[in-house]
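Novice:
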Amino acid sequence: MKRSGHVQSGNSVKGGSWWIEMGMVTVATGTFPVFFSLAFANVGFVTDEEVERRESSLRDLLNNNPEFHVKEGASVEVAQYNPPFALPFNRRNEIALEVERKQT
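If you read the sequence shown in our numbering, its first letter stands for residue 1139, the second for the next number, and so on.
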C-alpha cells in the first residue's frame, strides 16, 4: 500500500504532539478517496491504558473543533514503527482516530 499526501501541523500537547493527516491511498487495484486521521505521536512503550488516555485526549481535542469530528464508527488505531529490541527512547508510536469534515 502506498500513501501520499501532506501533513498539516497541529498543536503541541503535553506528552506528545498531534496533527491531522490527509492523503490518498493507492492499492494495486485502484485509488480510494482522501481520508483524514488525527494522531498523537509519542515515544516509549504503548500500554492499553496509554491508548485509552490518548484516545480520550484526541476526542477532547475534537469536541470544540469547528472543522473536524470523529468519523462515526471509527476505532482507535495504534501504529508502532519499532525494530526488535529498540530502547524505549527510540520507539516511535502513533495513536490515531479517523476524522471527517463537519457538514456545513
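Even glycine gets a Cβ: it sits at the ideal position worked out from N, Cα and C.
All values derive from a computational prediction rather than experimental measurement.
Does the count of Cβ pairs from the region 1193–1207 and the region 1223–1230 closer than 8 angstroms reach three?
Specialist: Contact fails: fewer than three Cβ-Cβ distances are below 8 angstroms.
Novice: Mind checking Ala1217: buried by the 16 CB within 10 Å criterion, or exposed?
Specialist: As a working mapping, residue 1217 is identified with position 79 in the sequence shown. So Ala1217 counts as exposed.
Novice: With respect to the alpha helix (DSSP H) encompassing Leu1199, which residues constitute its N-terminal and C-terminal limits?
Specialist: Numbered from 1 along the sequence shown, position 61 holds the residue referred to as residue 1199. Looking at the DSSP string, the run of the alpha helix (DSSP H) that includes Leu1199 is Asp1186 to Asn1201.
Novice: If we count the other Cβ atoms within 10 Å of its Cβ and call it buried at 16 or more, is Phe1183 buried or exposed?
Specialist: Mapped onto the sequence shown, residue 1183 falls at position 45. By the 10 Å Cβ count, Phe1183 comes out exposed.
Novice: For the beta strand (DSSP E) containing Glu1210, list its first residue and its last residue.
Specialist: Looking up residue 1210 in the sequence shown gives position 72. Run containing Glu1210: none; DSSP gives neither H nor E here.
Novice: Locate the beta strand (DSSP E) running through Asn1231, then write down its first and last residues.
Specialist: Locating residue 1231 in the sequence shown gives position 93, counting from the first residue. Unbroken beta strand (DSSP E) run through Asn1231: Arg1230 to Arg1239.
Novice: Quick one: residues in its chain with C-beta nearer than 6 angstroms to the C-beta of Asn1231, no 5 flanking neighbours on either side, listed in chain order?
Specialist: As a first step, residue 1231 is located in the sequence shown; it is residue number 93 there, counting from the start. Once the five neighbours on either side are set aside, the close Cβ partners of Asn1231 are Asn1180, Val1184 and Gln1218.
Novice: So what's Phe1227 in DSSP terms, helix, strand or just coil?
Specialist: Residue numbering aside, residue 1227 sits at position 89 when the sequence shown is read from its first letter. Here Phe1227 sits in helix by DSSP.
Novice: Among Pro1221, Leu1176 and Pro1222, which has the Cα closest to the Cα of Asp1198?
Specialist: Position 60 of the sequence shown, counted from the start, is the residue given in the question as residue 1198. Answer by Cα proximity: Leu1176.
Novice: Exposed or buried, which one is Ile1233 when buried takes at least 16 other CB atoms within 10 Å?
Specialist: In the sequence shown, the residue the question calls residue 1233 occupies position 95. By the neighbour-count rule (16 or more Cβ atoms within 10 Å), Ile1233 is buried.
Novice: Are Ala1212 and Glu1236 touching if we call contact CB-CB under 7 angstroms?
Specialist: For this step, residue 1212 is matched to residue 74 along the sequence shown. For this step, residue 1236 is matched to residue 98 along the sequence shown. In contact: Ala1212 and Glu1236 (Cβ atoms closer than 7 angstroms).
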